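Participant: Last residue of the sequence shown: 462 (my numbering), numbering continuous.
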Amino acid sequence: MLMRMYDVIAAKRDGRELTTEEIYDFIKGYVNGEIPDYQASALLMAIFFRGMSEREILDLTMSMAKSGDMVDLSAIEGIKVDKHSTGGVGDKTTLIVAPIAAACGVKVAKMSGRGLGHTGGTVDKLESIPGFRTDLNREEFFDVVRKTGISVIGQSGNLTPADKKLYALRDVTATVESIPLIASSIMSKKIAAGSDCILLDVKTGSGAFMKTVDDSIALAEEMVKLGENAGRRTCALITDMDVPLGKNIGNNLEVIEAVKTLKGEGPEDLTHEILYLAANMLELADKGSEEECLAMARRAIDDGSAMNKLAEMVGAQGGDTGVIFDTDKFEKAKHSYVVKAPQSGYIASMDTEGCGIASVMLGAGRETLNSPINMSAGIIIEAKTGDRVEAGDTLAVLYADDEGLFASAEKKYLSSIRFAAEPVKRNPLLYAKVSANGTKRMV
Ligand code: URA
20 MLMRMYDVIA
30 AKRDGRELTT
40 EEIYDFIKGY
50 VNGEIPDYQA
60 SALLMAIFFR
70 GMSEREILDL
80 TMSMAKSGDM
90 VDLSAIEGIK
100 VDKHSTGGVG
110 DKTTLIVAPI
120 AAACGVKVAK
130 MSGRGLGHTG
140 GTVDKLESIP
150 GFRTDLNREE
160 FFDVVRKTGI
170 SVIGQSGNLT
180 PADKKLYALR
190 DVTATVESIP
200 LIASSIMSKK
210 IAAGSDCILL
220 DVKTGSGAFM
230 KTVDDSIALA
240 EEMVKLGENA
250 GRRTCALITD
260 MDVPLGKNIG
270 NNLEVIEAVK
280 TLKGEGPEDL
290 THEILYLAAN
300 MLELADKGSE
310 EECLAMARRA
320 IDDGSAMNKL
330 AEMVGAQGGD
340 TGVIFDTDKF
350 EKAKHSYVVK
360 APQSGYIASM
370 DTEGCGIASV
380 MLGAGRETLN
390 SPINMSAGII
400 IEAKTGDRVE
410 AGDTLAVLYA
420 DDEGLFASAE
430 KKYLSSIRFA
440 AEPVKRNPLL
450 YAKVSANGTK
460 RMV
């Protein structure tokens with residue numbers, strides 16, 4: 020190795036800019052095991068406090084992207100658009116916007132993740148469809164995209180190994196919430212995944228990594244710059260995660276709500292947000308102005324073409340299309356339990372992370388990295404922030420196979436809700452749009 024890791028740590032500790040070579044050597048040495056976790060941790064903490072210059076963040080991102088396979092999608096004709104959410108509760112948007120984009124003629128060849136902590140993951144949700152395969156090999160993946168215009172699979176084994184190792188280390192060394200580290204982690208994966216255009220859905224609020232709009236915009240601006248510098252058209256929407264999105268939380272419950280929304284019968288908040296996300300994917304792929312793309316996205320729902328696209332993808336990846344066309348056929352949890360309002364009033368706020376944890380406690384998420392999940396467990400929310408309820412009204416219905424889980428999940432859910440005597444204003448759904456042309460605040 021060319022550098023002494025001690026000198027690199029000391030340089031960043033003292034606020035010096037690291038060279039391109041130092042950054043590439045660090046990533047290479049850490050992935051191949053030459054640099055131990057304790058030295059990598061020290062450097063991460065120094066980055067956490069000292070930050071990084073634009074050039075350093077780009078070097079870190081590209082060195083991480085190149086630490087494993089760089090997927091080449093050029094064998095698939097047309098413009099490929101990816102979409103990434105920074106993670107949330109009830110966030111089933113990929114299941115809706117990817118089929119809309121594909122129905123409007125854009126190719127979606129997407130790798131998604133599993134649930135993490137209190138947040139759900141698209142791969143787990145898709146696997147709640149009986150038979151659906153998320154482990155397609157490269158040829159199968161390309162074939163499905165060529166045939167249907169859309170495929171969503173799990174991340175291949177050797178995509179950004181540097182991020183896998185660094186993310187696990189950050190998780191246990193209190194170095195997750197750093198803009199250079201989050202931006203490089205997300206963008207290295209998106210750049211390695213090979214799409215021409217990238218739409219970022221940066222969540223803000225109590226259920227998100229970034230709790231304030233200003234921090235979310237700063238993260239989005241960094242990620243858009245990274246994408247554009249890597250030659251990908253990149254845009255970000257800052258969206259609300261101060262309240263769960265839609266009504267359903269949990270794997271097959273979210274697929275059911277996604278199908279409803281694709282049929283034009285979804286909840287208002289979710290429908291509004293997915294139209295903007297889909298329109299921005301189409302705009303990135305040069306399908307027209309945002310207004311024109313919004314109209315295209317609406318049409319794809321109204322004429323059923325987006326719904327058919329989802330069914331085509333499910334069929335092509337081995338899934339049972341019967342449950343997609345008739346969601347009553349999805350397996351149901353053995354038991355349900357009604358959470359009642361303990362008092363009358365307005366719902367003033369929902370700690371969205373707490374709602375996500377309640378769903379995990381019912382079995383919808385993993386308590387540890389490899390624990391199994393229950394595909395039909397979760398929560399259907401009946402009253403959200405801003406709603407008026409009377410004591411005894413239904414706030415939510417919990418679903419689980421084990422009745423013994425309801426008491427603690429109910430306690431967690433209720434402790435996440437605050438009531439107020441006076442009417443409460445709901446948050447906007449969209450806060451800002453960040454693109455190569457600059458940042459446009461919407462509120
Ligand atoms: N998601 C990622 O992939 N990486 C982060 O650092 C945070 C969220």
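Quick reminder that beta carbons are idealized off the backbone N, C-alpha and C, glycines included. Fair warning: this is a prediction, and the values are worked out from it, not measured in the lab.
Check this for me: beta carbons of Tyr-49 and Ala-65, under 8 Å apart or not?
Facilitator: It is not a contact, given that the beta carbons lie outside the stated cut-off.
Participant: Hey, how far is the Cα of Met-260 from the Cα of Thr-223?
Facilitator: 5 Å
Participant: Return the residue from the list Glu-75, Arg-407, Ala-352 and Asn-299 that minimises the CA-CA distance to Glu-40.
Facilitator: Glu-75
Participant: Kindly identify the DSSP beta-bridge partner or partners of Gly-457.
Facilitator: Ser-454
Participant: Considering only the beta carbon of each residue, do Ala-11 and Ile-236 sit closer than 8 Å?
Facilitator: Past the boundaries of the shown model lies residue 11; the chain is included only from 20 to 462, so the question cannot be answered.
Participant: Taking C-alpha atoms, which residue in Glu-287, Val-408 and Gly-457 lies nearest to Pro-447?
Facilitator: Glu-287
Participant: Just the Cα atoms here: how many angstroms apart are Val-171 and Glu-441?
Facilitator: 44 Å
Participant: For ligand 1, enumerate in chain order all residues having a CB closer than 5 Å to any of its heavy atoms.
Facilitator: The filter returns Ile-201, Ser-204 and Ile-205, in chain order.
Participant: Looking only at its own chain, which residues have a Cβ that is under 8 Å from the Cβ of Asp-190, when we skip the five neighbours before and after it?
Facilitator: none
Participant: Under the assumption that Met-326 contacts Lys-282 (Cβ atoms under 8 Å), give the Cβ distance between them as a whole number of angstroms.
Facilitator: That belief holds up - the Cβ atoms of Met-326 and Lys-282 are roughly 6 Å apart, short of 8 Å.
Participant: Give the straight-line distance between the Cα atoms of Asp-322 and Leu-294, rounded to the nearest whole angstrom.
Facilitator: 15 Å
Participant: Could you tell me whether any Cβ in chain D is nearer than 8 Å to the Cβ of Val-408?
Facilitator: Chain labels in this structure do not include chain D; a single protein chain is all it has.
Participant: Would you mind reading off the limits of the beta strand (DSSP E) that contains Lys-47?
Facilitator: Run containing Lys-47: none in the beta strand (DSSP E); it sits in the alpha helix (DSSP H), 39-50.
Participant: Would you kindly report the start and end of the unbroken beta strand (DSSP E) that includes Lys-102?
Facilitator: 100-104
Participant: Relative to the alpha-carbon of Ser-461, which residue among Ser-131, Cys-312 and Thr-258 has its alpha-carbon at the smallest distance?
Facilitator: According to the sequence shown, residue 461 is Met rather than Ser. Out of Ser-131, Cys-312 and Thr-258, Thr-258 has the C-alpha closest to the C-alpha of Met-461.
Participant: Taking the alpha-carbon positions, what's the Leu-303 to Pro-149 distance?
Facilitator: 33 Å
Participant: So, using beta-carbon positions, are Val-262 and Cys-254 closer together than 8 Å?
Facilitator: For Val-262 and Cys-254, no; Cβs fall outside 8 Å.
Participant: What separation, rounded to the nearest whole angstrom, lies between the Cα atoms of Ala-181 and Val-90?
Facilitator: Going from the Cα of Ala-181 to the Cα of Val-90 covers about 16 Å.
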